[in-house]
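Quick notes on the structure that follows.
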Amino acid sequence: MLLLALAVLVILGAVVFLFLMGSGDGPTYRLTHADVGSVERLVRAVGRIEARDSVDVGAEISGTVAAVHVDFGARVHAGDPLAEIDPAPFAADVARAQAALAAARAELRQREGRVRLAALALARAERDAKRARALAAGGHLSEQALDDAMTALERARAEHAIALAERDAQAARIPGLEAALKNARRLLDKTVIRAPIDGVVIDRRVAPGQTVVSAFQAQTLFTIAADLAKLRLVVDVTEADIGAVTAGQPVRFAVDAWPRRTFTGVVATIRPAAQVKEGLVTYPVLVDVDNGDGRLLPGMTADVQIVVRHVDRVLRVPLAALAWRPGRGAQKNGLLPNVRIRIVSREEAERMQRAMADFSRGDSPRPETEGTATVHVLFAGDRIATPVPVRLGLVGERFAEIRDGDIKPGDAVVIGSGEPGDED
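Structure, rendered in structure tokens:
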């Protein structure tokens with residue numbers, strides 16, 4: 125991690141800068157006070173705002189768009205018409221399917237009539253054959269006449285079987301034609317593109333007269349967000365920082381549209397699939413964001429701070445107190461020159477903090493966990509800046525936690541100087 129705040133983001137509240145000036149052109153020193161407060165470590169990244177739940181709506185059929193009923197920002201309910209495709213070709217398909225089904229049903233009725241006629245003919249042939257066999261047995265009918273009666277019976281049986289088969293074949297066509305009609309009606313219904321969910325239209329990519337083509341991957345015509353009061357912030361976190369990010373951590377972010385406002389969220393999940401762009405490996409971190417006032421919109425970019433560690437009510441000093449070291453002219457035999465004090469307002473101090481942080485961010489490494497450091501303290505009544513060894517706790521963006529050392533709240537610590545050769 126780089127030193128993001130070596131530039132001394134001093135205590136919020138009244139910050140005391142002590143300008144220690146000797147006679148003539150002596151060095152100038154800046155002091156501030158150790159205090160009790162919070163320390164936090166941040167992961168900084170860039171993110172983009174998306175709808176948490178959104179649906180892409182496309183056309184299931186190909187055709188020419190006849191009308192579009194909604195525009196960007198329109199609120200819709202499930203089933204509301206969004207657009208219409210010219211229905212004429214599909215209505216013609218329905219009419220053809222209806223005609224084909226009607227003709228098939230009429231043909232089936234004919235086949236059923238033929239089955240009944242064949243059944244009557246078969247019954248008559250069976251009676252004739254029975255009578256012929258009886259007469260032939262009594263010697264009252266010739267052999268030829270008996271053969272003719274039996275042949276007629278076999279013919280009647282065959283014709284009845286054929287009639288049954290033709291009827292069954294025609295009946296088998298009916299379900300297919302009914303399905304074709306149902307599908308034609310379904311396609312006709314699809315000419316009206318309807319909203320699948322309640323929500324807000326956040327994207328529209330279609331206009332009247334446009335030709336849409338149904339394919340394996342349907343063309344997106346509309347995007348509907350289910351609820352813009354609940355948004356998602358997708359943050360690209362580098363592989364160096366992703367290990368510190370976990371679900372449930374608080375998030376702060378700002379957007380260009382509202383530069384004076386800080387928005388908040390909570391880390392929801394981390395996607396394990398890495399993204400590589402120009403050699404930089406990042407992981408998407410999903411942050412849940414409440415947007416009850418509707419100020420945030422999908423597509424906005426955000427400067428994000430993920431609070432990965434936070435401690436409260438601890439003794440702390442600004443980061444610059446860890447980095448400052450006396451140079452050639454800073455002290456002579458440990459004595460500081462005469463002291464002049466100037467008290468600056470909180471607003472002025474914050475402006476100085478931001479300017480110094482922007483100038484020095486990332487210039488030097490700093491510790492991030494427990495370790496040791498030296499802080500130069502000007503104890504009350506002394507003119508000597510005493511180097512005090514300390515044990516650090518959490519080292520954050522602006523402050524470092526002091527866990528052990530001869531420092532207490534209110535002690536003046538050196539955070540910089542104007543003397544050439546001093547580390548500042």
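Here the sequence shown is numbered in our numbering, starting from 125 and rising by one per residue. Note that the Cβ used here is the ideal one computed from N, Cα and C, for glycine as well. Small disclaimer: the values here were computed from a predicted structure and weren't measured.
For Ala256, which residues from the same chain have a beta carbon less than 7 Å from its beta carbon, with the 5 sequence-adjacent residues on both sides left out?
Leu265, Ala269, Leu270, Ala273, listed in sequence order.
Please classify Ile317: is it buried, with 16 or more other beta-carbons within 10 angstroms of its beta-carbon, or exposed?
Buried: at least 16 other Cβ atoms inside 10 Å.
What does the alpha-carbon distance come out to for the pair Arg281 and Ala296?
So the alpha carbons of these two residues sit roughly 23 Å apart.
For Val431 and Ala191, I'd like the C-alpha separation in whole angstroms.
Rounded to whole angstroms, Val431 and Ala191 show a C-alpha spacing of 49 Å.
Suppose you measure from the CA of Gly423 to the CA of Ile531; what does that come to, to the nearest Å?
Between Gly423 and Ile531, the C-alpha separation is close to 48 Å.
Spatially closest choice to Ile539 from Pro533, Ala504, Val519, Ala444, by CA coordinates
The residue with the shortest Cα to Cα distance from Ile539 is Ala444.
Is DSSP giving Thr370 helix, strand or coil here?
DSSP places Thr370 in coil when its eight states are reduced to three.
Let me know the beta strand (DSSP E) ranges lying completely inside the segment 188-230, each 3 residues or longer, listed in chain order.
Counting whole runs of 3 or more residues, the segment 188-230 contains the beta strand (DSSP E) stretches 205-209.
Compute the distance between the beta-carbons of Ala342 and Ala202, then report whether it is under 9 Å.
Not a contact, by the Cβ cut-off of 9 Å.
I'd like to know whether the C-beta atoms of Arg90 and Leu439 end up nearer to each other than 9 Å.
Residue 90 lies beyond the stretch modelled for the chain, which goes from 125 to 548, so this question has no answer here.
Identify every residue that forms a DSSP beta bridge with His434.
DSSP lists Glu164 as partners of His434.
Please classify Glu525: is it buried, with 16 or more other beta-carbons within 10 angstroms of its beta-carbon, or exposed?
Buried is the call here.
Quick one: grab the DSSP three-state call for Val337.
Coil, per DSSP.
Segment limits, beta strand (DSSP E) that includes Arg395
Looking at the DSSP string, Arg395 is not in any beta strand (DSSP E), and its letter there is neither H nor E.
Can you tell me whether DSSP reads Leu410 as helix, strand or coil?
In this structure, Leu410 counts as strand in the three-state DSSP scheme.
Could you confirm whether any beta carbon from chain D is found closer than 9 Å to the beta carbon of Thr425?
Note that chain D does not occur in the displayed structure, where there is just one protein chain.
Report the three-state DSSP secondary structure of Asp180 (helix, strand or coil).
Asp180 falls in the strand class under three-state DSSP.
His264 in three-state terms, based on DSSP:
Correct three-state label for His264: coil.
Count Cβ pairs between the segment 317-332 and the segment 161-180 that sit closer than 8 Å; are there 3 or more?
Touching, per the Cβ criterion.
Compute the Euclidean distance between the alpha carbons of Gly197 and Ala228, then round it to the nearest angstrom.
Cα-Cα distance, rounded: 50 Å.
Could you give the DSSP three-state label for Gln429: helix, strand or coil?
Residue state, collapsed to three classes: strand.
Need the endpoints of the beta strand (DSSP E) that Ala524 sits in, please.
Per DSSP, the unbroken beta strand (DSSP E) holding Ala524 starts and ends at 523-529.
For the alpha helix (DSSP H) holding Leu443, just list the boundary residues, first then last.
Unbroken alpha helix (DSSP H) run through Leu443: 443-447.
The segment 297-308 in contact with the segment 218-226 per 3-pair CB rule at 8 Å
At 8 Å Cβ cutoff, the stretches touch.
To which residues of the same chain is Pro533 closer than 7 Å at the C-beta, ignoring the five residues directly before and after it?
Excluding positions up to five away in sequence, the list reads Ala158, Asp159, Val160, Leu439.
Just checking my contact of Leu355 with Glu174 at CB under 8 Å: how many whole Å lie between their CB atoms?
The distance from the Cβ of Leu355 to that of Glu174 is about 7 Å, consistent with a contact at the 8 Å cut-off.
Identity of the residue in Ala319, Pro332, Ala247, Gly237 nearest Ala289 by Cα:
The shortest C-alpha separation from Ala289 is found at Gly237.
From the DSSP output, read off the bridge partner residues of Asp360.
Residue pairing by DSSP places Asp360 opposite Val170, Pro408 in a beta bridge.
Would you mind giving the Cβ-Cβ distance between Glu278 and Ala245, rounded to the nearest angstrom? I have them listed as a contact below 8 Å.
In this structure, Glu278 and Ala245 do not form a Cβ contact; the two beta carbons are roughly 12 Å apart against a cut-off of 8 Å.
Of the listed residues Val200, Val428, Val501, nearest to Trp448 (C-alpha basis)
It is Val501.
Proximal residues to Ala497 (C-beta, below 8 Å), its chain only, five neighbours per side dropped
Apart from the 5 residues on each side of it in sequence, Ala497 sits with its Cβ closer than 8 Å to the Cβ of Leu446, Pro491, Pro513, Val514, Leu516, Ala524 in its chain, given in chain order.
Ala378 versus Gln429 - alpha carbon distance
A straight-line Cα-Cα distance of about 9 Å links Ala378 and Gln429.
If the criterion is Cβ atoms closer than 9 Å, does the pair Pro374 and Val361 meet it?
In terms of Cβ geometry, Pro374 and Val361 do not form a close pair [threshold 9 Å].
Can you tell me the Cα-Cα spacing of Ile298 and Leu225, whole angstroms?
Per the coordinates, the alpha-carbon of Ile298 lies some 7 Å from the alpha-carbon of Leu225.
Could you name the residues that DSSP lists as bridge partners for Arg376?
For Arg376, which the question treats as bridged, DSSP gives the partners Thr388, Gln429.
Could you check where the beta strand (DSSP E) with Thr498 kicks off and where it finishes?
For Thr498, the uninterrupted beta strand (DSSP E) segment begins and ends at 495-502.
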